[in-house]
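Below is one structure, written out as structure tokens; the observations come after it.
Protein chains: 2
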Amino acid sequence: MRRELIGTEGFLLLDTVRRLYRRKARSALTKVLKKIHPAELAWIFRHLTTRERHDIFDILKEPERRGEFLSELDDSIKLELISTLPPKSLAGVIETMSTDDRVDLLDDLPEELRTQVLEQMKREDAAEVEELLQYEADSAGGIMSPDFLALDEDLTVGEAIKKVQQLSEAAEMAFYLYVVDKANLLRGVLSLRQLLMNPASQPLSSIMETDVIAVSMETDQEEVAQIVSRYNFMAVPVVDHEGIILGIVTVDDILDIVREEATEDFLQMVGAGKDREILLKPVMQNVLTRLPWLLASWLGGVLAMTVISSFQVELVKVIALAGFIPVITGMGGNIGTQSSTLTIRGLATGRVNINQAGTFIAKQLRVGLILGLFFGLLLGVLAWVFYDHDLRLGTVVALAICASMLISTSLGTLVPIILRRLDIDPAIATGPFVTTTTDVLGVLIYFSLAKSLLSL
Amino acid sequence: MRRELIGTEGFLLLDTVRRLYRRKARSALTKVLKKIHPAELAWIFRHLTTRERHDIFDILKEPERRGEFLSELDDSIKLELISTLPPKSLAGVIETMSTDDRVDLLDDLPEELRTQVLEQMKREDAAEVEELLQYEADSAGGIMSPDFLALDEDLTVGEAIKKVQQLSEAAEMAFYLYVVDKANLLRGVLSLRQLLMNPASQPLSSIMETDVIAVSMETDQEEVAQIVSRYNFMAVPVVDHEGIILGIVTVDDILDIVREEATEDFLQMVGAGKDREILLKPVMQNVLTRLPWLLASWLGGVLAMTVISSFQVELVKVIALAGFIPVITGMGGNIGTQSSTLTIRGLATGRVNINQAGTFIAKQLRVGLILGLFFGLLLGVLAWVFYDHDLRLGTVVALAICASMLISTSLGTLVPIILRRLDIDPAIATGPFVTTTTDVLGVLIYFSLAKSLLSL
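Protein chains in written order, with this note's numbering: chain A, 40 to 495; chain B, 40 to 495.
Below you can see the structure in the form of structure tokens.
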């Protein structure tokens, strides 16, 4: 038994690999590599240079070992490594992988290389993969594995146990056994354990659970994840429109998807693209990914600038007005980000529903109003103390901050809901829209209030 | 077979339940409730009023049904419902739940009620729960289930199968079988399927996997999640310091934890607390939770205001300076949020490592510098065009925006890494610190540059 390799221990292993590599101690390195779990090796590869990666990948000779390892690797490193392999040996590696990993890898290849690799694979394997490649990569069909255990509903428990013993190693998740009729229609489900607990003569149809929850092949992976998580499933079957079972999605794949989707949402909310591996990409690619969102915020700032310059006359008369600009735009921006994050995450976890969002919106607006009044009052009093007890200036900044916070709360709450209704991912488009609009409207309201209330 | 209940279908069910409730059609309602999956009923309860929840919970008479349902319910609604139950009947409900769900529920109860309930439970059950309650709620010990299948290493396959058949239904996740020696030390693991695939006379010790990865009872749940996800486990064993197996953490619980931790990170990053159920809480609680973070940003704004007023003389001479304030603070704030989000998420997913963060920091700074130069140049040119081709004003705003963006990139990257090293959750403290500091330093640099370059 051993403890997990995370943190320090991982780095010790990384250092060992690097040291042996630099010493060109090939046979010692081969031995060490054999002992490292593919998942740990994948982690180590994140920290190596391109050159090191290629050389060390070369040492992993056996296709099976390479297959296990590639299944665990980050996509960008995976593509980097296999792009130099001849199609024939790549096909050999792919043949050792499980079907869903095969599909995953082939889906990422450039079309030409994919065709070449498929030509080199066994005809039946290639046909199976090509069928699966037709599904959208982020649908249940795209993530399912066709390696499941299906048993005929006419079998007895004893016959079923024999069948399970005969079936190939391929069925990667032998937790649930699916029971089908002659036409492969899904009829029921039972666990391997139930087989063991029942007498051999019992027919499967009498012990199986018939109320099976299934997803269709087009179901979005995020929805599949919600179902698996809600019902605490180890796997969920995927069926076509007639109810014929096509594959299963297992909970370990769902776990990866949930982590990846959360990371994508984090990145998208701050306009850093949706590529989870952005940190592994070159500097210029990072710059270009982050630029559009910043450009939107830059344009908002420039618009706010033109608003301010149109009030130059008033500003010259009461120069103190300039000092409050950062707090008014800042508070609007921050409460807007709070509101949009709460809404976007609420939509993602199902706590906010687009069709019955009324109560949620009303509550958010009340929260925004109370916070707006509080900070407005606070700033108003401060302005009054700070600037010769001028009650009018205090009133202007108090009203301005309150208005700005209420507007951005409304935008931060409503924009994600509207975007989701229009089938646009709210994580992408909400941020720049809310901050930009808040900046412009905030200063506009502020200076308009100043102009009329201070009689400038 | 049926499709999942999400979205429209869920709302149809909710409407049915509500209609029957309002009509006081108690027997029809009882029938409908019986057919609803506990997980779906939990979802429906989110949308009911407190009154409706209590009345409908009353209709669910059987302790078993109540237990299943409570295990699926949001914590805050769960507490609301059980607070009115007498300890004795609550103990009856708890006895029907699996051990980890029992611990979960009892952990949330006020101490007095917990003691009363424990007194009403069977002595052995109470002792088991009390032992588990000693572990931190978010450690492996706190989330593990003691219901696992452990087999003696001396058994043969045939004997093991008999043992599995005799064991109670309690072992909730009979996917892995753990092999232990006389002292309960974890020796190996095998799957139920392996038992079926091997001859009855084979000793377990010859077919088990001896290289078992285990976690210790103190391991943080986030780390447990990383391990389960990295190795694609269905469950991971939890051992004490001597290697004695205490329980298992199953992947379905890990899935819930990953979703919850992601939600908490989202909320914390925008200063909305760490209570995932904040949206279910009253308005004032929402206000109070969001207030401190906004107060920090308000203080930053006020500090920026005092900086600006200290440059009042210069501002009066070149009033155009006021217009650029929002774009300088805004760009700094936005690129700072991008950087801190990338860093915080990178730390959470293990892509950024606090001990070897050098390359990452250097890369982020280069990205920040390029973006700073780009937007500085863009704004400089705009200022030059806009304000009478004054090259000096253009230079001031260009340099100011570039400096402000570079500072906030550095803060957004370094602050989370430093906080993590100090063992403070970076998601909580990064936001206000970065925006506040950026606001103040941004305007300070801007006006200082203006003062010296424009010779004011």
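Virtual Cβ for every residue (Gly too), placed ideally from N, Cα, C.
When you compare each of the options to residue i by their alpha carbons, which one comes out closest?
| i | options | result |
| --- | --- | --- |
| ARG92/B | THR475/B, ALA67/B, ARG61/B and GLU198/B | ARG61/B |
| GLU134/A | LEU148/A, GLN159/A, ILE121/A and SER447/A | GLN159/A |
| THR258/B | VAL278/B, SER245/B and ALA67/B | VAL278/B |
| ILE393/B | ASP462/B, PHE363/B, GLY339/B and VAL326/B | ASP462/B |
| ARG58/B | THR89/B, ILE95/B and ILE182/B | ILE95/B |
| LEU124/B | THR328/B, THR138/B and PRO102/B | PRO102/B |
| VAL290/B | MET273/B, ASP304/B and ILE283/B | MET273/B |
| ASP146/B | SER128/B, TYR215/B, SER110/B and PHE214/B | SER110/B |
| ILE246/B | ILE200/B, VAL196/B and ALA253/B | VAL196/B |
| GLU281/B | LYS320/B, ASN223/B, LEU338/B and ASP250/B | ASN223/B |
| PHE486/A | VAL436/A, VAL322/A and PRO321/A | VAL436/A |
Compare the C-beta of residue i with all C-beta atoms of chain B and state if any pair is closer than 8 angstroms.
| i | result |
| --- | --- |
| TYR485/A | no |
| GLU43/A | Note that GLU43/A scores a pLDDT of 48, beneath 50, so its modelled location is shaky and nothing firm can be said. |
| MET370/A | yes |
| SER137/A | no |
| GLY362/A | yes |
| SER268/A | yes |
| MET344/A | yes |
| ASP295/A | yes |
| ASP177/A | no |
| MET40/A | Because MET40/A sits at a pLDDT of 49, beneath the cut-off of 50, its placement in the model cannot be relied upon, and the following sentence gives the value as read from the coordinates. Judged by the 8 angstroms Cβ criterion, MET40/A is in contact with chain B. |
| ASN223/A | no |
| SER348/A | yes |
| GLY385/A | yes |
| ALA439/A | no |
| GLY181/A | no |
For a test of the three-state rule: what should DSSP assign to residue i, helix, strand or coil?
| i | result |
| --- | --- |
| GLU248/B | strand |
| SER137/B | coil |
| ARG315/B | coil |
| THR123/B | coil |
| LYS490/A | helix |
| ALA189/B | strand |
| ARG162/B | helix |
| VAL391/B | coil |
| LEU410/A | helix |
| LYS356/A | helix |
| TYR485/B | helix |
| LEU99/B | coil |
| THR448/A | helix |
| LEU495/B | coil |
| GLY310/B | coil |
| ALA401/B | helix |
| ALA179/A | helix |
| ILE383/B | helix |
| HIS93/B | helix |
Kindly indicate if chain A contains any beta-carbon less than 8 angstroms away from that of residue i.
| i | result |
| --- | --- |
| LYS402/B | yes |
| VAL309/B | yes |
| ILE409/B | yes |
| THR55/B | no |
| VAL357/B | no |
| SER244/B | no |
| ARG162/B | no |
| ILE133/B | no |
| PRO365/B | yes |
| GLY197/B | no |
| GLN241/B | no |
| PHE187/B | no |
| SER336/B | yes |
Which one or two residues does DSSP pair with residue i in a beta bridge?
| i | result |
| --- | --- |
| THR195/B | PRO242/B |
| TYR174/B | TYR174/B is not bridged to any residue. |
| SER184/B | ILE287/B |
| LEU225/A | VAL219/A |
Run the proximity test for residue i: is its beta-carbon closer than 7 angstroms to any non-hydrogen atom belonging to the ligand GTP?
| i | result |
| --- | --- |
| ALA189/A | Absence of the ligand GTP from the depicted structure is noted, as is the absence of any ligand whatsoever, leaving it without description. |
In chain order, which continuous runs of the beta strand (DSSP E) of length 3 or greater are located wholly inside the region 231-304 of chain A? 252-255, 274-278 and 284-289
Could I get the ranges of all uninterrupted alpha helix (DSSP H) runs contained in the region 51-80 of chain B, with 4 residues as the minimum, in chain order? 65-74
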